[in-house]
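There are 4 protein chains.
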Amino acid sequence: MEDKPSGTNREGQAIEPKLRERIWRIIFLSDTKAGQWFDIVLLVLIGSSVLVVMLDSVEALKIRHQVLFSVLEWIFTLIFTVEYIIRMCVVRKKRNYALSFFGIVDLLSILPTYVAIFLPASQYFMIIRILRLLRMFRILKMAHHFGQANVLLNALRASSPKISVFLFFILTLVSIEGTLMYLIEGAYNPGFSSIPQAIYWAIVTVTTVGYGDVAPMTVAGKVLSSLIMLSGFSIIAVPAGIVTAEIGREREMLRMDHRKCKQCGWTGHDPGANFCKHCGCALSTH
Amino acid sequence: MEDKPSGTNREGQAIEPKLRERIWRIIFLSDTKAGQWFDIVLLVLIGSSVLVVMLDSVEALKIRHQVLFSVLEWIFTLIFTVEYIIRMCVVRKKRNYALSFFGIVDLLSILPTYVAIFLPASQYFMIIRILRLLRMFRILKMAHHFGQANVLLNALRASSPKISVFLFFILTLVSIEGTLMYLIEGAYNPGFSSIPQAIYWAIVTVTTVGYGDVAPMTVAGKVLSSLIMLSGFSIIAVPAGIVTAEIGREREMLRMDHRKCKQCGWTGHDPGANFCKHCGCALSTH
Amino acid sequence: MEDKPSGTNREGQAIEPKLRERIWRIIFLSDTKAGQWFDIVLLVLIGSSVLVVMLDSVEALKIRHQVLFSVLEWIFTLIFTVEYIIRMCVVRKKRNYALSFFGIVDLLSILPTYVAIFLPASQYFMIIRILRLLRMFRILKMAHHFGQANVLLNALRASSPKISVFLFFILTLVSIEGTLMYLIEGAYNPGFSSIPQAIYWAIVTVTTVGYGDVAPMTVAGKVLSSLIMLSGFSIIAVPAGIVTAEIGREREMLRMDHRKCKQCGWTGHDPGANFCKHCGCALSTH
Amino acid sequence: MEDKPSGTNREGQAIEPKLRERIWRIIFLSDTKAGQWFDIVLLVLIGSSVLVVMLDSVEALKIRHQVLFSVLEWIFTLIFTVEYIIRMCVVRKKRNYALSFFGIVDLLSILPTYVAIFLPASQYFMIIRILRLLRMFRILKMAHHFGQANVLLNALRASSPKISVFLFFILTLVSIEGTLMYLIEGAYNPGFSSIPQAIYWAIVTVTTVGYGDVAPMTVAGKVLSSLIMLSGFSIIAVPAGIVTAEIGREREMLRMDHRKCKQCGWTGHDPGANFCKHCGCALSTH
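Protein chains in written order, with UniProt numbering: chain A, 1 to 286; chain B, 1 to 286; chain C, 1 to 286; chain D, 1 to 286.
See below:
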């Protein structure tokens, strides 16, 4: 994803390529002690800066700790600004980085504080401030540190096509269910005053969230929604089944047999095989 | 499901059978580029027409965009009418198609707009308009385009007998639980004023939807419902287990191979095996 | 469970043992056409009688259809009385049947209607009437008709020890969580006025039912309950895992290999085995 | 965890080491009949004492049964005090036990009653009384009695790294979702007045608890929350998948056997196999 630093292949030309390379390695990779420390510190900084923005949205706290929050925000912003500048310096293909998703995130998450100076509290001000929360995406960027993350992501990625089909069916289902409930309850129950509203209810129900802000009132409505719930009951099992099956397969892959046939070079025999299943020559027993 | 077009096996007799066959292939099959484009366009048209009907049910929008909605509705209706007529022309066994489920759906989903002219806003009017939403079923008809759909459907179909038995048990269970709660809460809590009402509550609870429109008030009621919830907790696991097991079996079936080794009689070779993995003798390739 | 009819092994003595035996076979077994029909009719009768009792608990319906309901109830009661008498006649060990669970259920479910004559509407009257719903248990008695039922029951039975341990942990968990919430919210939130009340809330939350009749109000309470929900999130997975694993094992058992070793008579070799794994003699390849 | 009693390896020196050892064995182990009985009695005592504390928190009961509760509490306290003293006597490394988690729990759970004498009803009094509920943790200490507990705990322990990663993702997800909802609903809906509040809602929603104390009101909010629910729908499947896979692996591990055939080098025989199932030569019994 990240390209090699400027100094790497044109020795001497760049100013102190060694240093530049070391910094690049620390910032973009995490194969060195320094690089790992950098990531951890960054993670903590992002986490706390995000926390500050969130707490800043609480009216009561905002009034009491206004100064503290803005000071903290400035500290964070300056740190991230410095980090951004360093990143731009050490990375080689500056344009590529600047236009990469995380390059834009890095930029957008520091701009708001500066913007705040020039255009004071406007109606769009809040939305701009919120942009700083884009930093959260950078946390996800570090997910690869968690060993288990990949297994999960693979399983999710592998099951995503199945699940998207599943969601498509769900959408059709809730549309039909919602329409029926609209016909039954619409006249008596403000919560079913329109089909989209009824579909919202159907989604809340099928996913077993069940806020209760909308609930059937008529007898017919309660009978139908009982059926919907019981069906949703078995529907909710499907994604679980898909993901479980995928995780199971993930593990199977790991259990595969890595012997290679001497004759035809075929691999992927099962643990039980005495002979290559393609050329029939005996397999070495490991 | 769909039969071959008129022109296919009686050359020359039908007017330009070639053209008719091509149209038939485009409309009913999706093995040609044109056919796939036709399906995609149709999918979009149906989707947007369904959306219009739904938005039309929102009072606020209906008043503001009345004209727009009716114009759009007429456009959609005319398109679907033309499509319906073409279908009738190119298909051979006209009666079979007209009486097939999707034939009726196609017809019912275009009629309402025309009916609306002759009998203006009546009390049944809304229900008639809703008929147009039958188009949604035609979306399901195209499900076969999604590669994964079949795997899911097979798993669901395979587990449906188990799940229906499961639902039967659930129904008996909620009846018993509802009756008990009716005896305990009935006198004090309007939400348990009758057994069916109490059963409705039990279903809402066991499926973990939990609207909260009905909730226990007495101590005994809360104790019992706690037990019901904790039992429901493990009950909800059953369909998940069933579906998961079925999806797992689905995958197994695909991996199986039923050839038998002539020499050692060993069965259960993997697909693609040329030689018995136990005695090494060649396998007949089926 | 049911014993053989009187007439079977003492020929001639009992009056027409043949007839008695046939009736016994029809009522208690379902291996004959007549027996299956008897079960189906009985199932329908029980179902509809249960339905009547339930609808009878709805005030509105009770007032309108009072006569209809009582007439229907009398018809059902008489039918079930006749059935009970016949059962007593044809069965041999009368005492055993009379004192068996289903014998008592059969009796208790017909008594209320007769009792109703002698002691008119008393406060305990409703509870007595409800006794008729015991008939529902007789439906469960017929579960063995559903082929799939056994697989499910086996899986549930096999996982019940694990699940009961699981429920024990849950109970300890919700007690701890409830106590903590009581300490945090108790003073401000009527919904957490006592520890049992708070435990009730914890159960409603961990099972993801979430009525909303009790919900945290303080910030600390919301933070803690967020943690509880997220933990419950992964806890809810455990029973699913247990049941799934059990259903999977169920299937494995069926896949077992039934060859028998000629030498040591050992069975239960795996599909892959060429030699008996106990005595080492060659296995016949099926 | 527990160390051997004082008297064991220094004969004669300690006063009646035999007796002391026997008592130690009864209290700390459960390999003797007496030891098991001791555990059962203790379990019952703890259970009922915990129950008393809980009921004592119910205002109504507290007033009515004040005397009964305090008497019971004193009985329990004295019993547990005696038990604590005996434990201290028989155990050898007194400091280690006193400072061990369960040593502290044992102490803290008896102190409150004595403390209650010296400082009468203060504001911190309730919290102190609650300390007695720490006894619940001692119940968990006895979990090893439940055969199945270990399987569950292993599965949970094995899946905990995956699940903690999963929870980390969830936290980031709900933060993003909460922020979006705050931007959409914040201005109109008191339930989304701040980002933390909105995150609380997102957690309540994604975990499908859905209290309904906070629910979207605007159209945009309902659309977004519908998407959140449907995504949560498939997210909830992940922990189920993880735990199921782990429980499955648990079972596999138990079935594995790591002996290697001397002749054909085949591994993966089942436990109990005496001969290689491929070449038939005898297996070394480990």
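Cβ atoms here follow ideal geometry from the backbone N, Cα and C, with glycine treated the same way.
What does the Cβ neighbour count give for residue i, buried or exposed, with the cut at 16 atoms within 10 Å?
i                     : result
Tyr97 (chain A)       : buried
Arg132 (chain A)      : buried
Asp31 (chain B)       : exposed
Lys18 (chain C)       : exposed
Gln197 (chain C)      : buried
Ser159 (chain D)      : buried
Arg20 (chain A)       : buried
Ile63 (chain D)       : exposed
Glu246 (chain C)      : buried
Asp3 (chain B)        : In this prediction, Asp3 (chain B) scores a pLDDT of 47, lower than 50, which makes its location untrustworthy; no coordinate-derived value is stated.
Ser226 (chain D)      : buried
Ile104 (chain A)      : exposed
Val71 (chain D)       : exposed
Pro112 (chain D)      : buried
Glu73 (chain A)       : buried
Ser48 (chain C)       : exposed
Ile235 (chain A)      : buried
Val52 (chain B)       : buried
Phe118 (chain A)      : exposed
residue 310 (chain D) : Chain D is shown only over 1 to 286; residue 310 (chain D) falls outside these bounds and no answer can be derived.
Leu99 (chain A)       : exposed
So residue i contacts chain A; which residues on that side make the cut at Cβ distance below 9 Å?
i                : result
Thr244 (chain C) : Ala240, Gly241, Thr244
Met136 (chain B) : Thr172, Ser175, Ile176, Thr179
Pro196 (chain D) : Met54, Leu55, Ser57, Val58
Give the C-beta separation of residue i and residue j to the nearest angstrom, bearing in mind that I take them to be a contact with Cβ-Cβ under 8 Å.
i                : j                : result
Ile27 (chain B)  : Arg87 (chain B)  : 6 Å
Val115 (chain D) : Phe166 (chain D) : So it is not a contact: roughly 42 Å between Cβ atoms.
Ile23 (chain B)  : Ile139 (chain B) : So it is not a contact: roughly 22 Å between Cβ atoms.
Met181 (chain B) : Phe192 (chain B) : 6 Å
Met136 (chain D) : Val50 (chain D)  : 6 Å
Gly178 (chain D) : Ile195 (chain D) : 6 Å
Gly241 (chain D) : Val243 (chain A) : 4 Å
Going along chain C in order, which residues have a C-beta closer than 8 Å to the C-beta of residue i?
i                : result
Phe76 (chain B)  : Going along chain C, no residue has its Cβ under 8 Å from Phe76 (chain B), so there is no contact; the nearest lies around 41 Å.
Gly212 (chain A) : Tyr211, Gly212
Met54 (chain B)  : What Met54 (chain B) touches in chain C: nothing, since even the nearest Cβ is about 28 Å away.
Ala34 (chain B)  : Going along chain C, no residue has its Cβ under 8 Å from Ala34 (chain B), so there is no contact; the nearest lies around 45 Å.
Can you pull the chain D residues whose beta carbon is under 8 Å from the beta carbon of residue i, in chain order?
i                : result
Thr208 (chain B) : Thr208
Ile110 (chain A) : Neighbours of Ile110 (chain A) on chain D: none; closest Cβ ~18 Å, over 8 Å.
What I want to know is whether the C-beta of residue i ends up closer than 7 Å to one or more non-hydrogen atoms of the ligand HEM.
i                : result
Ile184 (chain B) : Absence of the ligand HEM is noted for the structure shown, with no ligands found whatsoever.
So with CB distances below 7 Å, who are the chain C contacts of residue i?
i                : result
Thr205 (chain B) : Val209
Ile247 (chain D) : Gly241, Ile242, Ala245
Tyr182 (chain B) : Ser57
Leu117 (chain D) : The sequence as given places Ile at residue 117 (chain D); Leu does not occur at that position. Per Cβ cutoff of 7 Å: no residues; Ile117 (chain D) is ~22 Å from chain C at best.
Find the residues of chain A that neighbour residue i, judging by a C-beta separation of less than 7 Å, and give them in chain order.
i                : result
Tyr200 (chain B) : Lys222, Ser226
Leu230 (chain D) : Leu167, Ile170, Ile203, Thr207
Just the chain D side, please: which residues come within less than 7 Å of residue i by C-beta, in chain order?
i                : result
Ala215 (chain C) : Tyr211, Asp213
Ile163 (chain A) : Ser234
Ile130 (chain A) : Thr179, Leu183
Along chain B, which residues have their Cβ under 9 Å away from the Cβ of residue i?
i                : result
Phe192 (chain A) : What Phe192 (chain A) touches in chain B: nothing, since even the nearest Cβ is about 10 Å away.
Leu133 (chain C) : Ser175, Ile176, Thr179, Ile195
Starting from residue i, find everything on chain C with Cβ-Cβ shorter than 9 Å and list it in chain order.
i               : result
Ile46 (chain D) : Near Ile46 (chain D) there are no residues of chain C at all, since even the closest Cβ is about 11 Å away, more than 9 Å.
**Asked** If you scan the region 61–123 of chain D from start to end, which runs of the alpha helix (DSSP H) of 4 or more residues do you find wholly inside it?
**Response** 66–90, 94–99, 101–108, 111–118
**Prompt:** Can at least three beta-carbon pairs, one atom from the region 197–211 of chain B and one from the region 204–216 of chain C, be found at a separation below 8 Å?
**Reply:** yes
**Request:** Could you pull out every unbroken alpha helix (DSSP H) segment of at least 4 residues lying fully inside the region 200–258 of chain B, listed in chain order?
**Result:** 219–235, 237–255
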